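If you're matching them up, the sequences are chains Y and S in order.
Residue 1 is where the first sequence starts when you use the working numbering, and the numbers rise one by one after that.
Residue 148 is where the second sequence starts when you use the working numbering, and the numbers rise one by one after that.
We put the beta carbon where it would ideally sit given N, CA and C, even for glycine.
Owing to the predicted nature of the structure, the values given are computational and were not obtained by experimental measurement.
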Amino acid sequence: MAVYVARDLESEDDGDLTIESGDLVVAGAQQSVRQNLMCWSMTTRGGFSFDPGLGWGAEGFIGRQNTPLVHRLMEEDLGYSYGQADGLALEDLTYSVSHIDRDVAGVTVRFAGLVVEPDGTSPSQAVVLGFSFPFSDGAIQLEVSDE
Amino acid sequence: MIPKKTTSQITQQSLRGLLQDTDITTTSRGSVARALCGSFARSLADMYDVLDDAVSNGFLTTASGFYLDLLGETFGLTRRLATAGRTLREDRNIRFFVRSGTLARRLRHPTNLNLGRIPAGTTITGGDLSYVVDEDYDFPASATETFVGAQSTGRGAAQKATAGRLVSHSLGVADVFVENVRDIETASDPETDREFRFRISQYVTSSAGANEAAVRLAVLSAPGVADMIRQPHHAGAGSFRVIVIPTTNRVPVESLARIRSAIQGTAAFGVFFEVEEPRYIPVSVSVRTVPVRGFSAVPPADRDAAELAILRYLGNIRPGESLVINQLRAAILNSSPRISDLVIQSLEINRAPRVLVNHPLKDDELLVPDEAVSNPILVI
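Structural data, given as structure tokens:
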């Protein structure tokens with residue numbers, strides 16, 4: 001298990017930067033991990049021109065069947081992507097894809113690394129990221145919660 | 148010059164600054180800090196590209212293409228366009244000849260029985276090159292050869308014709324032959340950036356006029372000119388002489404006229420000047436070739452190639468250099484695989500027989516095939 005102390009600029013779940021008293025906010029270690037995980041999960045590979053390798057191959061699954069076989073392929077793709085994320089250790093992540101509606105798959109990613117905040121404390125809650133993936137258009141809907 | 152920075156360089160520099168000066172401690176892929184820096188860096192790198200173009204095209208030493216043209220225009224200079232290959236009758240280059248009888252018997256003058264005529268518009272070709280005779284050229288009825296002026300149908304350096312390249316004509320008379328005795332060098336491509344840049348750089352000095360740079364620029368601007376030798380005060384104070392060094396055996400007559408006119412526009416009032424060709428040293432050489440095994444004699448085409456090789460070698464000896472016998476032998480041997488050996492039977496320089504040793508030229512001397520001899524370069 002890796003230890004996470006790095007801090008990033010803080011952003012909202014929709015990606016907007018957080019501003020307080022007219023200044024950008026530096027996020028805590030846990031929030032930084034969550035943002036990083038969201039960035040890799042919500043970005044379609046090739047969609048961010050500055051770093052085309054960022055994200056996972058969501059676009060390749062649009063129009064596919066909502067079947068267990070496709071779910072396994074999605075998990076493989078997600079695993080490959082998270083393996084590229086130099087701010088996350090793959091062994092600290094568990095992820096699964098399952099059927100949640102006729103044409104929609106649900107993706108759950110759970111982060112269980114050791115986070116140490118600047119004040120030396122470690123949050124007790126793990127980061128869990130959930131999102132739905134409609135095969136018709138690939139418009140990912142995000143749900144984030146801490147367990 | 149401004150050192151150019153790439154997107155990656157700017158990103159790394161920005162991220163290093165963030166790590167050093169703020170509480171931000173991650174710049175990994177997927178981090179907000181890296182995404183922001185990367186976006187800014189790319190715009191900034193684009194600006195560096197624009198800046199680099201603007202700066203390099205703003206200076207004469209680095210400007211190119213259209214921007215160099217603009218710089219030239221500020222001095223009233225425009226880039227020279229491609230020129231056609233051209234040779235005048237006075238150049239004694241394109242030669243029509245017969246091997247027996249007279250030329251006028253085959254090419255009669257339409258009204259004068261004492262003359263023959265090569266009409267304007269006659270086409271002279273060789274490979275993909277095509278030259279057109281530029282006016283009617285009359286010659287005496289007794290002549291066995293005559294020279295004409297002609298111009299290439301196309302423009303650009305590809306129109307240059309090496310000696311012996313032009314071999315056929317459109318006159319429809321089989322036993323009248325044609326050849327270009329020397330290279331035709333006057334064709335040129337459009338002025339390159341490098342050439343135009345040099346001309347602009349000389350302009351500031353030469354625009355003052357009446358100085359060496361102005362004279363040099365005037366001389367070198369003419370086609371077929373490789374260099375010049377300057378001799379100040381050759382006829383006393385307020386005089387100078389320019390000796391024009393051609394790129395081939397001879398300075399084209401057209402170029403001499405152009406040079407005189409150009410210097411006239413730059414030399415100071417009252418200054419006396421002369422433009423001269425180098426001292427042409429006539430040379431004639433006779434070579435006996437030995438064929439390779441299996442041939443009783445070297446075929447005529449290979450002997451022609453050997454003659455051409457000798458002409459080329461002589462044409463490439465610049466003033467001040469030497470005629471090197473071994474180089475002459477090598478040029479002949481390399482001209483054909485069917486020549487195994489050769490004997491230089493005679494070598495005449497300045498119409499005097501010479502022993503076969505290297506012959507150095509003075510700084511204003513140039514070797515040319517002896518025009519007083521019917522066949523100055525003879526390979527048998």
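Residue environment, residue i, which counts as buried when at least 16 other CB atoms sit within 10 Å
i, result
"Leu228(S)", "exposed"
"Val445(S)", "buried"
"Leu475(S)", "buried"
"Val418(S)", "exposed"
"Gln492(S)", "exposed"
"Arg163(S)", "exposed"
"Gln160(S)", "exposed"
"Glu332(S)", "buried"
"Ala139(Y)", "exposed"
"Leu455(S)", "buried"
"Asp193(S)", "exposed"
"Ala448(S)", "exposed"
"Pro185(S)", "Looking at the sequence provided, one finds Gly at residue 185(S) rather than Pro. By the 10 Å Cβ count, Gly185(S) comes out buried."
"Leu505(S)", "According to the sequence displayed, residue 505(S) carries Asn and not Leu. That one is exposed."
"Phe420(S)", "buried"
"Phe387(S)", "buried"
"Asp517(S)", "buried"
Cβ of residue i within 8 Å of any chain Y Cβ
i, result
"Arg163(S)", "no"
"Thr169(S)", "yes"
"Thr153(S)", "no"
"Val202(S)", "no"
"Gly177(S)", "yes"
"Ser190(S)", "no"
"Gly185(S)", "yes"
"Thr173(S)", "yes"
When the options are compared against residue i, the one with the closest alpha-carbon
i, options, result
"Arg405(S)", "Val372(S), Val434(S), Ala415(S), His380(S)", "Val372(S)"
"Ala58(Y)", "Glu76(Y), Pro123(Y), Ser49(Y)", "Glu76(Y)"
"Gly79(Y)", "Glu20(Y), Arg7(Y), Tyr4(Y), Phe111(Y)", "Phe111(Y)"
"His381(S)", "Arg346(S), Glu423(S), Ala188(S), Asp200(S)", "Glu423(S)"
"Asp275(S)", "Asp322(S), Thr300(S), Ser289(S), Thr394(S)", "Thr300(S)"
"Asp511(S)", "Ile472(S), Ile428(S), Val504(S), Asn505(S)", "Ile428(S)"
"Arg242(S)", "Ala290(S), Asp200(S), Glu220(S), Phe222(S)", "Ala290(S)"
"Thr249(S)", "Ile472(S), Phe324(S), Arg407(S), Ala288(S)", "Ala288(S)"
"Lys509(S)", "Ile472(S), Gly441(S), Ile392(S)", "Ile392(S)"
"Leu73(Y)", "Gly60(Y), Leu88(Y), Pro118(Y)", "Gly60(Y)"
"Gly377(S)", "Glu359(S), Asn240(S), Phe343(S)", "This sequence places Arg at residue 377(S); Gly is not what is there. Answer by Cα proximity: Glu359(S)."
"Thr395(S)", "Ser386(S), Gly219(S), Ser190(S), Asp374(S)", "Asp374(S)"
"Ser317(S)", "Arg407(S), Arg341(S), Ala267(S)", "Ala267(S)"
"Gly225(S)", "Pro466(S), Gln156(S), Phe343(S)", "Note on residue identity: the sequence assigns Thr, not Gly, to residue 225(S). Taking only the C-alpha atoms, the option nearest Thr225(S) is Phe343(S)."
"Leu142(Y)", "Pro118(Y), Ser136(Y), Thr43(Y), Gly130(Y)", "Gly130(Y)"
"Thr234(S)", "Val351(S), Leu313(S), Arg465(S)", "Leu313(S)"
"Tyr195(S)", "Val362(S), Gln156(S), Val366(S)", "Gln156(S)"
Below-8 Å beta-carbon distance, residue i vs any chain S residue
i, result
"Val35(Y)", "According to the sequence displayed, residue 35(Y) carries Gln and not Val. Taking Cβ atoms only, chain S reaches closer than 8 Å to Gln35(Y), which makes this a yes."
"Phe111(Y)", "no"
"Val5(Y)", "yes"
"Ala85(Y)", "yes"
"Asp8(Y)", "yes"
"Trp56(Y)", "no"
"Ser11(Y)", "yes"
"Asp103(Y)", "no"
"Phe50(Y)", "yes"
"Ser96(Y)", "no"
"Ser32(Y)", "yes"
"Val116(Y)", "no"
"Val26(Y)", "yes"
The ligand ADP heavy atom lying under 7 Å from the CB of residue i
i, result
"Gly467(S)", "The ligand content of the structure shown is nil, which means the ligand ADP is not present either."
Q. If you scan the segment 430-488 of chain S from start to end, which runs of the alpha helix (DSSP H) of 4 or more residues do you find wholly inside it?
A. Complete alpha helix (DSSP H) runs here, min 4: 447-462, 472-482.
Q: At 3 residues or longer, and completely inside the segment 80-129 of chain Y: list those beta strand (DSSP E) runs for me, N to C.
A: Runs of the beta strand (DSSP E) inside the segment 80-129 of chain Y: 93-101, 104-111.
Q: Go through the segment 7-76 of chain Y residue by residue and report every complete run of the alpha helix (DSSP H) that reaches 4 residues or more, in order.
A: 29-42
Q. Pairing CB atoms from the segment 403-422 of chain S with CB atoms from the segment 447-465 of chain S, are three or more of them under 8 Å?
A. no
Q) Do the segment 200-207 of chain S and the segment 273-281 of chain S touch if we need at least three Cβ pairs shorter than 8 Å? A) no
(Q) Does the structure place the segment 477-494 of chain S close enough to the segment 392-400 of chain S that three or more beta carbon pairs sit under 8 Å? (A) no
Q: Check whether the segment 244-262 of chain S touches the segment 212-226 of chain S, taking contact to mean three or more Cβ pairs, one atom from each stretch, closer than 8 Å.
A: no
Q. Are there three or more Cβ pairs, one per stretch, closer than 8 Å when the segment 172-184 of chain S is compared with the segment 301-308 of chain S?
A. no
**Q.** Residue ranges of each beta strand (DSSP E) within the segment 362-437 of chain S, 3 or longer
**A.** 372-379, 386-393, 419-423
Q | Within the segment 174-257 of chain S, ranges of the beta strand (DSSP E) (whole runs, at least 3 residues) | A | 231-234, 241-245
(Q) Check whether the segment 4-11 of chain Y and the segment 46-53 of chain Y touch, using three or more Cβ-Cβ pairs below 8 Å as the test. (A) no
Q: Tell me, please, whether the segment 35-43 of chain Y touches the segment 108-128 of chain Y by the rule of three or more beta-carbon pairs shorter than 8 Å.
A: yes
**Q.** Contiguous alpha helix (DSSP H) assignments of at least 4 residues, all confined to the segment 263-295 of chain S
**A.** Counting only runs of at least 4 residues, the segment 263-295 of chain S fully encloses no alpha helix (DSSP H) element at all.
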